[in-house]
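Chain order of the listed sequences is A and B.
The working numbering numbers the first residue of the first sequence as 3 and each following residue consecutively.
The working numbering numbers the first residue of the second sequence as 20 and each following residue consecutively.
Data first, discussion second: the structure below is written as structure tokens.
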Amino acid sequence: MNVISFLSAVVQAGTPLLFATVGEIFSQKVGNLNLGLEGMMLMGAVTGFAVGYGTANPFLALMGAALAGMVGALVYAFITVTLKGNQEVTGLTLTIFGTGYASFVGSSYVGYKLPESVTSVFAKVSFPILSEIPVLGEIFFEQSPLVYLSYLSVLILGILLYKTKYGLNLKMVGENPAAADASGIGVSRYKYFYITLGGAMSGIGGAFLSLAYIPVWQENITAGKGWIAVALVIFAVWNPYRAVAGAYFFGGLDIIGFRLQKFALPVPIYIINMLPYVATILVLVLMSMKKSKENKAPSSIGRAYFREER
Amino acid sequence: MRIAKRSELNKNQIALVRLGAVFGALVFGGLFLVVLGENPLRIYVSMVQGGLGSFFRFRETVNIAIPLLITSLGVMIAFKMRFWNIGAEGQIFMGGFAAAYLALNFSHLPKPVLLTLMAGAAMTMGGVWLIVPAWFKAKFGTNETLFTLMLNYIALRWVTYLQYSLWKDPSAMGFPKIASFEQSALLPKIFDIHVGWIVALVLIYLIHMYLNHTKTGYEIAVIGESEDTARYAGIDIKRVILKTMFLSGAVSGLVGMIQASGISGTLSVDLTGGVGFTAIITAWLSGLNPIMVGVVSFLFAMLRQGGSFIQTAYQIPASAAEILQALILFFVLASEFFLRYKVVRVKKAGGDLK
């Protein structure tokens with residue numbers, strides 16, 4: 003019983019990571035490393051909260067969050083795709099911008115609670131039929147609608163990536179943009195589309211935190227989750243299905259400290275709270291040590307495509 | 020319309036494009052202020068006044084500029100090699116931790132001895148905190164951006180642990196703080212500003228010399244341009260990476276000591292004030308040039324101090340300054356396009372290049 007409630011909490015804690023990670027996978031698949039995840043998540047979180055607070059409309063709140071993430075991603079796409087700017091620094095700037103934006107907009111909401119009309123829509127609800135499954139039903143299908151949205155997006159994007167011609171095209175854009183261009187694929191169009199999609203996913207991931215997970219606004223609500231998501235992309239070897247396992251694993255590490263607080267532990271709680279970050283480092287090191295062909299990043303990642311340079 | 024490469028611009032043209040970008044960012048930020056119902060000119064003028072208007076404000080600006088400048092120098096050395104060290108926050112915390120350990124346990128030592136030891140320990144600790152990811156990067160190609168970033172969070176948790184539990188001052192009546200340093204562990208002042216400003220100026224000179232007039236400095240530049248070229252030229256890449264990253268971390272670690280000993284008089288979770296992230300902007304904006312780092316850091320410190328001023332004067336959150344800083348960098352990043360490419364008008368709309 004206790005284990006089931008813990009696992010159900012793990013799914014919740016992993017959901018913002020899952021949204022952001024899957025979004026970033028697609029951005030990287032078209033060759034763009036976007037280090038602005040943390041910033042876009044914060045922009046989504048604060049915009050979702052502000053819209054939800056102002057309009058008391060949950061759907062507008064979610065739309066606002068997705069839109070905020072998309073705007074951030076568009077700025078990044080414009081600088082790195084159209085203007086061929088440095089991807090690392092542009093992404094970092096986006097994070098700094100998003101942090102500033104969230105603290106600017108959020109400064110008037112610290113400690114505020116969302117209206118009932120918003121929180122009730124994002125509260126846990128039993129999924130028809132599937133929640134009847136013993137154990138698994140309780141863990142996965144007694145969740146916020148946003149969690150169901152995360153399952154759905156993984157499924158749709160997984161099919162898109164592995165079963166359609168668009169998936170093939172987008173992989174080609176990331177692996178060899180010159181070849182993609184030669185075969186008539188609109189390289190810039192693909193890049194813009196999937197970078198923006200990544201922004202929308204990050205925005206929704208951030209909004210999950212501020213609308214469903216902790217519906218009271220607090221400064222720096224993401225606490226580095228955007229960065230962990232960037233690492234999870236490597237952990238998931240750019241595979242959206244594997245991102246699910248990674249996100250829940252790190253979600254678990256994120257809450258384990260809090261859950262263990264009631265017990266007398268030999269290790270101080272502050273040290274246990276380092277776990278997600280230590281584990282991320284371990285993942286990075288292990289993944290870089292065992293290099294294989296399938297583990298590799300899309301080969302054009304980090305480099306802008308300029309037709310006359312090929 | 021199509022895009023073509025252009026030949027290299029001269030220094031004046033580059034400076035002009037950069038200035039144009041900064042101006043663009045200020046105009047864009049101004050539009051934002053208009054939307055908020057403020058007069059942007061008045062806000063900008065009061066930001067400058069807030070940063071430089073009196074000796075007290077000027078001193079505050081310099082106090083903000085010192086850690087920003089030194090951290091930017093540290094970060095810059097790493098960026099020269101295209102090593103994305105964004106772990107300066109953590110290096111500052113760990114430097115502060117090492118300095119605080121000595122300050123709290125060896126306060127009976129004479130001031131010059133104690134301060135030297137504190138600086139040495141802080142630099143070593145900061146250097147070690149960066150050499151670990153550097154080693155993995157050199158050995159396995161482990162992603163250094165994420166590694167150094169995760170170390171920030173670990174360092175922050177560590178200092179939180181010290182402040183709230185392990186080193187909590189029992190005489191603070193339950194308030195979670197670390198005991199204040201004794202007089203012997205505090206930085207002396209010159210012209211009413213702690214000596215960190217002299218350290219900063221000396222470091223600008225030293226790092227300028229190191230990068231431009233030593234063999235290692237040259238090797239760093241080659242590795243930054245192309246690792247293959249460096250390997251072909253027989254440069255021991257791994258050694259240069261480790262050496263340079265130790266230096267980069269050590270410079271940031273020193274900031275931890277300066278802040279603890281010169282500003283707050285103790286170690287706390289607020290030690291860095293986010294300077295490790297702002298330093299990324301300033302280092303990049305200065306074109307990775309140590310002297311420009313000094314100029315840009317001072318201007319950014321003025322923005323920050325002006326930001327807190329407009330918060331009290333106009334109730335605009337101080338984070339407006341942070342947004343403006345990010346905007347400036349966005350505009351400069353975008354403007355770099357015009358340094359490398361030009362847009363050529365084509366008569367027949369044949370190519371659909373975007």
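All C-beta atoms, glycine included, are put in the ideal place defined by N, C-alpha and C.
By a C-beta neighbour count over all protein chains shown, 10 Å radius and 16 as the cutoff for buried, is residue i buried or exposed?
i, result
"Ile-135(A)", "exposed"
"Gln-324(B)", "buried"
"Gln-278(B)", "buried"
"Ser-185(A)", "exposed"
"Pro-131(B)", "exposed"
"Asp-255(B)", "exposed"
"Pro-268(A)", "exposed"
"Glu-118(A)", "exposed"
"Thr-331(B)", "exposed"
"Gln-263(A)", "exposed"
"Asn-29(B)", "exposed"
"Lys-298(A)", "exposed"
"Ile-158(A)", "exposed"
"Thr-101(A)", "buried"
"Ser-7(A)", "exposed"
If contacts are defined as beta-carbon pairs under 8 Å, then residue i and residue j qualify, I think. What distance do you get, rounded to the angstrom?
i, j, result
"Ile-342(B)", "Ile-335(B)", "Their Cβ separation, rounded to whole angstroms, is 10 Å, which puts Ile-342(B) and Ile-335(B) out of contact at 8 Å."
"Ser-267(B)", "Ile-96(B)", "4 Å"
"Leu-87(B)", "Phe-319(B)", "6 Å"
"Trp-219(A)", "Tyr-114(A)", "5 Å"
"Leu-128(B)", "Ser-73(B)", "Actually they do not touch by this definition, with Cβ atoms about 37 Å apart."
"Met-137(B)", "Met-276(B)", "5 Å"
"Gly-176(A)", "Gly-66(A)", "At roughly 30 Å, the Cβ-Cβ gap does not stay under 8 Å, so Gly-176(A) and Gly-66(A) are not in contact."
"Leu-286(A)", "Thr-161(B)", "5 Å"
"Ala-153(B)", "Gly-114(B)", "That belief does not hold up - the Cβ atoms of Ala-153(B) and Gly-114(B) are roughly 16 Å apart, past 8 Å."
"Ile-173(B)", "Val-280(A)", "7 Å"
"Ala-70(A)", "Gly-207(A)", "Ala-70(A) to Gly-207(A), Cβ: 12 Å. No contact."
What is the DSSP secondary structure of residue i, reduced to helix, strand or coil?
i, result
"Val-1(A)", "Beyond the ends of chain A as shown, which are 3 and 312, falls residue 1(A); an answer cannot be given."
"Val-64(B)", "helix"
"Gly-370(B)", "Legend: pLDDT at Gly-370(B) = 48, less than 50; position of this residue unreliable, value from coordinates given subsequently. Coil, per DSSP."
"Lys-187(B)", "strand"
"Ile-197(B)", "strand"
"Asn-34(A)", "coil"
"Arg-101(B)", "coil"
"Met-276(A)", "coil"
"Lys-165(A)", "helix"
"Val-294(B)", "helix"
"Tyr-237(B)", "helix"
"Tyr-243(A)", "helix"
"Asp-256(A)", "helix"
"Pro-136(A)", "coil"
"Asn-29(B)", "coil"
"Gly-226(A)", "coil"
"Tyr-307(A)", "coil"
Name the DSSP beta bridge partners of residue i, please?
i, result
"Arg-21(B)", "Val-363(B)"
"Ser-128(A)", "Glu-144(A)"
"Val-218(A)", "Lys-115(A)"
"His-213(B)", "Lys-208(B)"
By the criterion of Cβ-Cβ separation under 9 Å, what are the contact partners of residue i in chain B?
i, result
"Phe-252(A)", "Here the premise fails: no neighbours, minimum Cβ distance about 12 Å."
For residue i, go through chain A and note every residue whose CB falls closer than 8 Å to its CB, in chain order.
i, result
"Tyr-180(B)", "Pro-270, Tyr-272 and Ile-273"
"Ser-287(B)", "What Ser-287(B) touches in chain A: nothing, since even the nearest Cβ is about 15 Å away."
"Arg-176(B)", "Tyr-272, Ile-273, Asn-275, Met-276 and Tyr-279"
"Ser-184(B)", "Pro-270 and Tyr-272"
"Ile-105(B)", "Leu-94"
So which residues on chain B does residue i lean against when the C-beta distance must stay under 8 Å?
i, result
"Ser-105(A)", "Pro-336, Ser-338 and Glu-341"
"Ser-185(A)", "Those within 8 Å of Ser-185(A) in chain B number zero; the least Cβ separation is about 15 Å."
"Ser-109(A)", "Pro-336 and Ser-338"
"Ile-98(A)", "Phe-296, Thr-297, Ile-299, Ile-300, Glu-341, Gln-344, Ala-345 and Leu-348"
"Val-77(A)", "Phe-349"
What does residue i reach in chain A if we use C-beta pairs closer than 7 Å?
i, result
"Tyr-172(B)", "Gly-226 and Tyr-279"
"Leu-352(B)", "Ile-81, Gly-87, Asn-88, Val-91, Thr-92 and Thr-95"
"Ile-299(B)", "Leu-94"
Can you pull the chain A neighbours of residue i, defined as C-beta to C-beta under 9 Å?
i, result
"Ala-320(B)", "Within 9 Å Cβ-Cβ: nothing; Ala-320(B) doesn't reach chain A, min ~16 Å."
"Asn-162(B)", "Val-232, Ala-233, Ile-236, Leu-286, Met-289 and Ser-290"
"Phe-356(B)", "Ile-81, Thr-84, Leu-85, Lys-86 and Gly-87"
Kindly list, in the order they appear in chain B, the residues whose Cβ is closer than 7 Å to that of residue i.
i, result
"Gly-113(A)", "Neighbours of Gly-113(A) on chain B: none; closest Cβ ~15 Å, over 7 Å."
"Gly-102(A)", "Ser-338, Glu-341, Ile-342 and Ala-345"
Determine whether the Cβ of residue i lies closer than 7 Å to any Cβ atom of chain C.
i, result
"Glu-246(B)", "Among the protein chains of the structure shown, namely A and B, there is no chain C."
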